[in-house]
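Heads up, the thing below is written out as structure tokens.
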Amino acid sequence: MPSPEVRPASGRFFSRIGGAVLDLVYPQDCIACRRGVPVDPLGLCPDCRAGLPRIGEWRCPRCGDELGPYAAGRPACPSCSRRSGLMFRSAVAVCRYEGAAREIVHRLKFGGDLRAVRLMKEGIVQRVQSEPWAGEIDLVVPVPLHWTRRIGRRFNQSELLARSIAHSLGCDYRPSLLRRLRRTRAQSFLRGIAREENMRGAFGVPRPALANGRAVLLVDDVMTTCATASECARALLAAEARRVYVAVFAR
Ligand SMILES: [Zn+2]
Ligand SMILES: [Zn+2]
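Next up, the structure:
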């Protein structure tokens, strides 16, 4: 069975005009487990849909991390209480970064499977719309890559997500509001404070007037520590953005 990436051009054309009919000819594989089994309209098989590690009702209102029920009613999770200060107002995440959620992220990032954009976008938009601040958002901005990294890739997955989310929310999409001013070391090799120091001053807003007074939704596929998002928020607030919120698919 051909994978969606290597479908003949006529297949791609017909999939746009009649997905249901075409699926009889080209059964799609599941974005997460890659089995050639029936998938839902967003590309997930029933097993992966049921197994998505969704972050439930108990979550940190600052960083969006999942909390045990013991932490209900606390203003922040233990790491947010310890942190010197997150620059964004609030972050939301759809899933924990594991299992099917991790596979979906990898399928986009390393496999170039663009079906994952819609799947992740739907989850993020749903989560954002359930927040009391959803109506405040003026601009949607992706976490930028440094240009030297950007040219090595076919796309920046946070740009694809942010554009799609802006469209669904009816907000302005501003891919170049925020710039990465310098290359940083990969955060995965660093811990805690070192991550914050690595990111310090890494972002800037070349045209502050475009951020002035606006509420910004910052979008990324994954947030592990909050260091990158917080530094982005610092740059946006320095440009007089009114507030910064963060939405990611997984954390
Ligand atoms: Zn599956
Ligand atoms: Zn937290």
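The sequence shown begins at 119 in this note's numbering and counts up one residue at a time.
Cβ coordinates follow ideal geometry from the N, Cα and C atoms, glycine included.
Between CYS181 and ligand 1, is the CB less than 6 Å from at least one heavy atom? no
Out of LEU257, PHE206, ARG268, PRO326, which one is the CA nearest neighbour of LEU287? LEU257
For VAL334, write down the residues that DSSP places opposite it in a beta bridge. Answer is LEU257, VAL362.
Could you tell me the boundaries of the alpha helix (DSSP H) in which VAL223 lies? 217-227
Starting from the C-beta of LEU355, find all residues in its chain whose C-beta is less than 7 Å away, skip the five residues before and the five after it, and write them out in chain order. MET205, VAL362
Three-state class that DSSP yields for VAL340 in the structure shown: strand
Quick check on CYS166 - is its C-beta less than 7 Å from some C-beta in chain C? In summary, chain C is missing from the structure at hand, where a single protein chain is found.
Reduced DSSP category for ARG313 - H, G, I as helix; E, B as strand; rest coil: helix
My output table needs one value for ASP290: the three-state DSSP class, helix, strand or coil. strand
Inter-residue spacing [alpha-carbon to alpha-carbon] between GLU240 and GLU221: 17 Å
Compare the Cα-Cα distances from ARG297 to each of GLU349, PRO164, GLU175, ALA209 and report the closest residue. GLU349
Excluding the five sequence neighbours on either side, which residues of its own chain have a C-beta within less than 6 Å of the C-beta of ARG352, listed in chain order? Taken in chain order, the residues that qualify are MET205.
By a C-beta neighbour count over all protein chains shown, 10 Å radius and 16 as the cutoff for buried, is ASN330 buried or exposed? Residue environment: ASN330 is assigned as exposed (fewer than 16 neighbouring CB atoms within 10 Å of its CB, all protein chains considered).
Check whether the region 302-314 and the region 225-241 touch, using three or more Cβ-Cβ pairs below 8 Å as the test. no
Using DSSP bridges, identify the partner residues of PHE321. ARG298
Secondary structure of SER248, DSSP reduced to three states: Looking at SER248 - three-state DSSP - the assignment turns out to be coil, as it is neither helix nor strand.
I'd like to confirm something about ALA368: is its beta-carbon nearer than 6 Å to some heavy atom of ligand 2, or not? no
Are three or more beta carbon pairs between the region 205-215 and the region 146-158 nearer than 8 Å? no
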